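Undergrad: Handing you a structure now.
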Amino acid sequence: PLDAAARIANLFGAGRQPQVVHAVDDVSLTISRGEVVGLVGESGCGKSTLGRMAVGLHTLSDGRREWKGQDLATLTVATRRRMQLGMQMIFQDPYASLNPRLRVRDIVGEAPVAHGMTSAAEQDALVESLLQKVGLDPAVARRFPHQFSGGQRARIGIARALAVNPELLVCDEAVAALDVSIQAQVLNLFMRLREELSLTYLFISHDLGVVRHIADRVVIMYLGRIVESAPTDVLFAQANHPYTTALLASAPKLEAKKVSFYAVQGEIPSPLHPPSGCHFHPRCPHAMPRCREEVPQLKEVAPQHFSACHLNDMP
Ligand code: SF4
Ligand code: MG
Numbered sequence: 001p002l003d004a005a006a007r008i009a010n011l012f013g014a015g016r017q018p019q020v021v022h023a024v025d026d027v028s029l030t031i032s033r034g035e036v037v038g039l040v041g042e043s044g045c046g047k048s049t050l051g052r053m054a055v056g057l058h059t060l061s062d063g064r065r066e067w068k069g070q071d072l073a074t075l076t077v078a079t080r081r082r083m084q085l086g087m088q089m090i091f092q093d094p095y096a097s098l099n100p101r102l103r104v105r106d107i108v109g110e111a112p113v114a115h116g117m118t119s120a121a122e123q124d125a126l127v128e129s130l131l132q133k134v135g136l137d138p139a140v141a142r143r144f145p146h147q148f149s150g151g152q153r154a155r156i157g158i159a160r161a162l163a164v165n166p167e168l169l170v171c172d173e174a175v176a177a178l179d180v181s182i183q184a185q186v187l188n189l190f191m192r193l194r195e196e197l198s199l200t201y202l203f204i205s206h207d208l209g210v211v212r213h214i215a216d217r218v219v220i221m222y223l224g225r226i227v228e229s230a231p232t233d234v235l236f237a238q239a240n241h242p243y244t245t246a247l248l249a250s251a252p253k254l255e256a257k258k259v260s261f262y263a264v265q266g267e268i269p270s271p272l273h274p275p276s277g278c279h280f281h282p283r284c285p286h287a288m289p290r291c292r293e294e295v296p297q298l299k300e301v302a303p304q305h306f307s308a309c310h311l312n313d314m315p
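Going by the numbering used here, the final residue of the sequence shown carries number 315, and the count climbs one at a time with no gaps.
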């Protein structure tokens, strides 16, 4: 049993009005305490939506969220709010997510005071220790966001998230806007914080290089569905799903700065009208007639390695 688990199941049911985008469709994701899960896919595949659902920023039209084995929907609003502090989101764009009119002191210290986790008198000391934790000079507490570089702003965003003692951090393209050298520094900070604070991460990224660097397990999404999930080493050495294989092939140098997905053959179909059966079939070099009709289910193809492809049923 997973002691700390954020579980999301069957998020969007099938058969709704045609204009409803099933950004995430019949997905189940469990994260164990201390784990770093990398969630990868092209833009529009639903990975951000899934991350926002995980922390409660997006309502589920159908499905369930569990935290440490408890169904969050069964709790009182107050209890749920308190529990949700344990899951914090770190956003892609630190520029957009930091209020330009607030000093760092208030950006970082506001939530713990508002939630009664610290007193106003102790706010400055708390903020100083948080800034130190993320590698910033505590003296910057008096400054405003525009006075910082992108990397520093990312650190401020991390300090803000840490202020309420989270156990799970959902990072959505958290380093995507940064220069490569700064990216590496911030990734190393995430890794250090993982050790120091026993954090668990859901690390959402379109960048396979970033995910390979940071994740214990990689989950690949395509048009709202999880198509493959495996320990990081296994995924990079023995990918099973043709989509994952195409992604890896499109990124010949994974250590290189930017890994792009555009080399995967064909365009991403509209999430509004996803292809029938296996959503990947119009782009898949191995597609069979069955692939147009039947949705492949995730199956365990090796220990801890799951893939949703009809090829796995072939003798
Ligand atoms: Fe390709 Fe069919 Fe497998 Fe989908 S199910 S990835 S179309 S072979
Ligand atoms: Mg996104």
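Beta carbons: idealized from backbone N, C-alpha and C, even for Gly.
Computed from a prediction, not measured in an experiment: that's the story for all the values here.
Roughly how many angstroms separate the alpha carbons of I268 and A287, rounded to a whole number?
TA: Rounded to the nearest angstrom, the two C-alpha atoms are 16 Å apart.
Undergrad: Measure the alpha-carbon distance for F91 versus P100 and round it to whole angstroms.
TA: In a straight line, the C-alpha of F91 is about 16 Å away from that of P100.
Undergrad: For D62, count the other beta carbons within 10 Å of its own beta carbon; 16 or more makes it buried, fewer makes it exposed. Which is it?
TA: Flag for D62 reads exposed.
Undergrad: Roughly how many angstroms lie between the CA atoms of V227 and Q88, to the nearest whole one?
TA: Whole-angstrom Cα-Cα distance: 26 Å.
Undergrad: In this structure, how does DSSP classify S205 when only helix, strand and coil are distinguished?
TA: Strand, per DSSP.
Undergrad: How long is the line joining the alpha carbons of P231 and P274, rounded to whole angstroms?
TA: Distance between the alpha carbons of P231 and P274: 28 Å.
Undergrad: Starting from the N-terminal end, write out each residue whose C-beta falls within a distance shorter than 5 Å of any non-hydrogen atom of the ligand SF4.
TA: Listed by chain position, these are P242, C278, F280, H281, C284, H286, A287, C291, P296, C309, H310 and L311.
Undergrad: If you scan the segment 34-109 from start to end, which runs of the alpha helix (DSSP H) of 4 or more residues do you find wholly inside it?
TA: The segment 34-109 contains these whole alpha helix (DSSP H) runs: 47-55, 77-84 and 94-97.
Undergrad: For L85 and W67, I'd like the C-alpha separation in whole angstroms.
TA: Looking at the two C-alpha atoms, the distance is approximately 11 Å.
Undergrad: Check for me: the beta strand (DSSP E) holding M221 runs from which residue to which?
TA: Note, M221: beta strand (DSSP E), R217 to Y222.
Undergrad: Excluding the five sequence neighbours on either side, which residues of its own chain have a C-beta within less than 7 Å of the C-beta of P112, listed in chain order?
TA: Taken in chain order, the residues that qualify are T118, L126, A163 and V164.
Undergrad: Taking only three categories from DSSP, how would you classify L298?
TA: Looking at L298 - three-state DSSP - the assignment turns out to be coil, as it is neither helix nor strand.
Undergrad: On a Cα-Cα basis, can you pick out the residue from S198, E122 and S28 that is closest to L50?
TA: Comparing Cα-Cα distances from L50 to each of S198, E122 and S28, the minimum goes to S28.
Undergrad: If you measure between the beta carbons of R81 and D71, is that distance less than 9 Å?
TA: No, Cβ-Cβ distance for R81 and D71 is not below 9 Å.
Undergrad: With H, G and I counted as helix, E and B as strand and the rest as coil, what does DSSP make of L235?
TA: Looking at L235 - three-state DSSP - the assignment turns out to be helix.
Undergrad: Report all residues from its chain with a CB closer than 8 Å to the CB of S219; omit the five preceding and five following residues, and keep chain order.
TA: Looking at the sequence itself, residue 219 is Val, so the reference to Ser does not match. Within the same chain, V219 has close Cβ partners L29, V37, G38, L39, V40, I226, E228 and S229.
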